[in-house]
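So the structure is just underneath, and the comments pick up after that.
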Amino acid sequence: MLFSLATLTTGLGFTAAVPFVPELYRRQEPNYPDNGTLVNPPNATNLTRPNPTYTQEQLTQVKLAYTAVERLTLIKSFGNTDDYFKFDLTPDGSHSNAANGLGGQGYLAEVANFPVLMGTGLSVAIGYLNPCGLDSIHIHNRATEIVTLVSGKSLKTGFVLEDGFDLPVYTEIGLYQGTIRPQGSLHWEFNDNCEPAVFVASLSNEDPGVSRTAQNFFINPQDIVDANLAYPSWLDNVNTTDYRAQLPAAFAQGAKACYQRCGITYDTNQAGGITK
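Per mature numbering (1 follows the signal peptide of the UniProt record, and there is no 0): the sequence shown = residues -17 to -1, 1 to 259.
Printed below as a string of structure tokens:
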């Protein structure tokens, strides 16, 4: 089931906030030359540093370690524990691990880039949402998620679980409040405010997976997409491959009503296509 931002706007009754016009600071990534933007990115500190990288051989050794003691001893041998036993979730630390777009950026610590998580059943992500930013509809294939707002005024969220329980579950969380996303549920987070917001997502699998609903729906063959939508007239003479390439990246601009309220220009060109 696909959702429109207009539907979300109507269903949730978005409220007003004090408007201001922020300055954008570009945080560009190779695959998103126009999308890597954050409002008020976090400041670097004396502890900020790029996360270490790992060779395939190192990752294989970690995976094959029989016990936790062997695994941790091996990781400790890679170098300074202050590098290999902590993970930087800021743009300066995780610049190569970005899911981004005009709506913000997200960073994920998972087993592939933080192998000390091997065997823990845990991963963690952080989402930096610009004013009116939307973490677009997606699922986590192998993890349940708890989202906690750690900066900002509020966060509007929703999920749809499955056939048989296909009623949307909407919540609005305030600062230091959390909400759940069951494994495999379609879900989203929307910052319906004129100020940035930051949320932390705790995930119940070290390899949680993510699948962006709209992008991965339109990757299917043209006739299958048409049939699933009952051959709507708006898809007449539309190449779905080209249409997919025009979809926003992971972090999209949210409801237009928010942009109008906040005095921010809504960019109609959000093309991001394939996302991490």
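Backbone N, C-alpha and C fix where the C-beta goes; we use that ideal spot for every residue, glycine too.
By a beta-carbon distance limit of 8 Å, D75 does not contact A108. Their separation comes to about 17 Å.
Under DSSP, A108 takes part in a beta bridge, and its partners are L91 and A184.
In this structure, Q253 lies away from G135, with their beta-carbon atoms at least 8 Å apart. Bounds of the beta strand (DSSP E) holding Q236 are F234 to Q236.
As a beta-bridge residue in DSSP terms, S137 pairs with G157. Here the alpha carbons of V52 and V94 stand approximately 17 Å from one another.
Annotation for E172: the continuous beta strand (DSSP E) segment containing it runs L169 to F173. Under the three-state reduction of DSSP, F148 is assigned to strand. Counting the other Cβ atoms within 10 Å of the Cβ of W217 gives fewer than 16, which makes it exposed.
Separation of G87 and W171 (C-alpha to C-alpha, rounded to the nearest whole angstrom) is 13 Å.
Taking a C-beta distance under 8 Å as the contact criterion, L105 and E189 qualify as a contact pair. Taking C-alpha positions only, D209 is separated from F200 by approximately 11 Å. Y37 and Y49 have their C-alpha atoms some 20 Å from each other. For D206, the enclosing alpha helix (DSSP H) stretches over residues Q205 to N211. Rounded to the nearest whole angstrom, the CA to CA distance from P231 to I202 is 14 Å. Taking V183 as the centre and dropping the five residues before and after it, the same chain places the C-beta of I109, T131 and V133 closer than 6 Å to its C-beta, in chain order.
From the listed residues N174, D149 and F142, the smallest Cα separation to T162 is found for F142.
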